[in-house]
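Residue numbers (my numbering), protein chains in the order written: chain E, 16 to 148; chain H, 16 to 148; chain V, 16 to 148; chain S, 16 to 148.
The structure appears right after this line, and notes come after that.
There are 4 protein chains.
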Amino acid sequence: MSASKAALQKLLARSRFVGGYGLKLVAVTDAACTIAMPFRRALERPGGTVNGPAFMAAADCAVWLIIKRHIGMEHDAVTSELNTAFLNAARRETVYCTARILKLGRRIIYGVAECHDRRGKIFTHHSVTYVRI
Amino acid sequence: MSASKAALQKLLARSRFVGGYGLKLVAVTDAACTIAMPFRRALERPGGTVNGPAFMAAADCAVWLIIKRHIGMEHDAVTSELNTAFLNAARRETVYCTARILKLGRRIIYGVAECHDRRGKIFTHHSVTYVRI
Amino acid sequence: MSASKAALQKLLARSRFVGGYGLKLVAVTDAACTIAMPFRRALERPGGTVNGPAFMAAADCAVWLIIKRHIGMEHDAVTSELNTAFLNAARRETVYCTARILKLGRRIIYGVAECHDRRGKIFTHHSVTYVRI
Amino acid sequence: MSASKAALQKLLARSRFVGGYGLKLVAVTDAACTIAMPFRRALERPGGTVNGPAFMAAADCAVWLIIKRHIGMEHDAVTSELNTAFLNAARRETVYCTARILKLGRRIIYGVAECHDRRGKIFTHHSVTYVRI
């Protein structure tokens with residue numbers, strides 16, 4: 016029922032998130048999903064830092080993948096709320112985003128995500144609500 | 016001290032928000048600021064709806080412009096939190112975003128924004144916190 | 016189908032919100048619901064201001080009443096998320112809370128609420144998500 | 016500079032949070048602070064579950080204590096935002112709340128908290144923003 020890493024990689028490769036953001040699946044278990052967003056000029060805002068929508072897209076995507084991991088490819092869910100705190104700037108570097116599910120309900124799925132550098136320094140914190148469809 | 020519509024238009028035209036999203040200033044008073052985001056293919060996600068980061072970028076921008084209206088061109092503030100609720104989908108159409116300030120503090124500025132169609136039908140609701148720098 | 020003001024007053028009088036907070040229904044239409052929370056010592060925190068949980072309870076209650084107004088007495092919904100911004104302090108005075116619904120979905124209901132004084136000065140801003148049961 | 020467990024216990028015992036909620040400090044390190052809220056009838060809502068404002072008060076308090084741990088007794092901060100997701104009900108039982116700081120800025124402090132039972136089952140998730148004063 017639950018989706019394998021290979022299946023999620025394929026899913027991500029043809030999803031809406033990749034086009035603009037170049038997101039890649041790094042690791043996924045039932046407990047957590049980590050994706051990477053390599054730096055590209057299109058993500059840059061004046062001052063050389065990664066722009067806000069890119070972090071939010073990464074968080075939305077990482078939570079979606081861990082949800083698909085749990086509910087399987089044949090089911091889906093859509094984002095209903097996304098709360099973001101911008102804590103530290105990322106400067107021309109790969110951003111990682113790690114998501115976890117805190118509640119997998121029959122109707123509502125609630126998760127959290129953190130964008131961070133490869134050593135774990137936090138950039139942003141997110142809580143994300145998905146509604147099953 | 017407060018910024019005129021012409022000054023804000025110039026500011027927007029050279030800001031980070033325009034490149035990717037093509038945002039335009041529609042109207043601004045001390046009470047509210049409305050911008051428009053004309054539909055373009057880059058904003059589309061599978062199914063023909065406007066993607067989430069585009070709404071969040073519009074909300075962030077509209078709140079920033081109404082803040083600049085109040086604090087003037089010589090001062091600035093950065094986004095510290097952005098909460099979004101996705102309420103209805105937008106389909107290949109211009110999205111408008113209207114922002115208001117609820118508190119203009121010495122350190123924290125708090126505003127709300129709604130993305131909507133030209134008749135007022137709501138797409139998303141946002142609350143946005145800026146920190147003065 | 017929709018609940019009358021008298022029905023909502025009765026509902027409030029026997030609900031969980033009244034015991035601790037003394038909330039009273041002031042006005043309700045399909046568009047908005049306003050309740051009042053008269054000042055009492057139990058709501059006070061050091062410094063003579065109204066405590067945070069009291070504002071959040073008022074917001075939760077006001078949104079619940081406007082929801083009951085729309086879905087009727089025979090249906091119900093429970094709070095799934097409540098976001099609060101504390102903007103100005105209330106000092107030994109009656110706090111009013113006005114709620115509106117932004118989306119009445121089949122599963123999710125999303126509303127906003129503002130706590131304010133009798134002249135409209137804002138104390139807190141809330142967004143509240145309810146799930147229908 | 017940083018506050019000891021004994022100092023935080025004293026602080027909590029005379030703070031606004033104890034009166035209504037009976038909160039007790041369980042453990043505190045630089046990394047996390049855990050408090051306990053023993054069940055009492057005043058926290059009960061119809062159906063025998065712990066009411067929402069009690070969870071939010073616990074989260075606000077736990078984050079405040081871990082902040083005081085870091086900034087010391089002579090400094091203070093006030094809550095500016097508190098976001099809550101209600102995930103599972105607590106039924107006539109002690110609720111624990113564990114808080115961590117994600118960013119300790121010069122002006123803004125951002126933390127997260129989870130209310131849970133003694134085995135770690137989650138009741139609520141919170142993100143909390145404090146402003147230094």
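Ideal Cβ placement from N, Cα and C applies to all residues, glycine included.
Check	Outcome
Under the three-state DSSP convention, the category R115(E) falls into	strand
Cβ contact (3+ pairs, closer than 8 Å) linking the stretch 93-102 of chain S and the stretch 89-105 of chain V	yes
Within 8 Å, strictly: CB atoms of T113(E) and T49(E)	yes
Under 8 Å between C-beta atoms of F70(E) and T139(E)	yes
Spatial distance of R115(S) from G120(E) (CA atoms)	25 Å
Ranges of the alpha helix (DSSP H) found wholly within the stretch 18-68 of chain S, counting only runs of at least 4	20-28 and 31-36
Near-chain S residues of the stretch 100-115 of chain V - C-beta to any C-beta below 7 Å	A100 and F101
Residue-level contact to chain V via CB, A72(S), 8 Å cutoff	yes
G126(V) - containing beta strand (DSSP E), residue span	I123 to H131
Beta carbon proximity, G67(V) to chain S, threshold 8 Å	yes
The stretch 21-30 of chain E contacting the stretch 66-82 of chain E, beta-carbon criterion three pairs below 8 Å	yes
Chain-ordered chain S contacts of R55(H) [CB-CB under 7 Å]	Those within 7 Å of R55(H) in chain S number zero; the least Cβ separation is about 32 Å.
Proximal residues of chain V, C-beta to C-beta of E96(E) below 8 Å	E96 and T144
CB contact check: R121(V) to chain E, cutoff 8 Å	no
Segment limits, beta strand (DSSP E) that includes A100(S)	A92 to F101
Status (buried if at least 16 other CB within 10 Å, exposed otherwise) for T44(H)	exposed
Closer than 8 Å to chain H by CB, L23(V)	no
Residue from A18(E), T144(E), P53(E) and I82(E) with nearest C-alpha to C130(E)	P53(E)
Contact check, I123(V) vs V146(E), beta carbons under 8 Å	yes
Chain E within 8 Å of R166(H), Cβ atoms only	With chain H running from 16 to 148 in the structure shown, residue 166(H) is simply not present.
Inter-residue spacing [alpha-carbon to alpha-carbon] between K83(S) and T94(V)	31 Å
Best match in R133(V), I86(V) and G126(V) for proximity to V41(V) [C-alpha to C-alpha]	R133(V)
Three-state secondary structure assigned by DSSP to R84(E)	helix
Identity of the residue in P68(V), G62(V), A46(V) and A72(V) nearest K39(V) by Cα	A72(V)
Contact set between L117(E) and chain S, taken where Cβ atoms lie within less than 9 Å	A100, L102, E129, I137 and H140
Proximal chain V residues relative to D91(S), where beta-carbon distance stays under 8 Å	Simply none; closest approach about 12 Å.
Of the listed residues I137(V), R107(V), A92(V) and G87(V), nearest to A21(V) (C-alpha basis)	G87(V)
Per-residue contacts from Y125(S) into chain E (C-beta, under 9 Å)	A100, L102 and H140
CA-to-CA distance, S19(E) to G126(S), given in whole angstroms	33 Å
Own chain, CB closer than 7 Å to N103(V), minus 5 neighbours either side, in chain order	K136, I137 and F138
Proximal residues to V143(S) (C-beta, below 8 Å), its chain only, five neighbours per side dropped	A74, D75, V78, T94, E96, L97, N98, A114, Y125, G126, V127 and A128
A47(V) versus T109(V), I148(V) and H85(V), residue with shortest Cα-Cα distance	H85(V)
Identified DSSP bridge partners for I137(V)	H131(V)
Spatial neighbours of R56(H) in its chain, beta-carbon cut-off 6 Å, leaving aside the 5 residues before and after	none
Exposure of G34(E), with buried meaning 16 or more beta-carbon neighbours within 10 Å	exposed
Neighbouring residues, chain H, relative to D45(E) (Cβ below 9 Å)	Simply none; closest approach about 25 Å.
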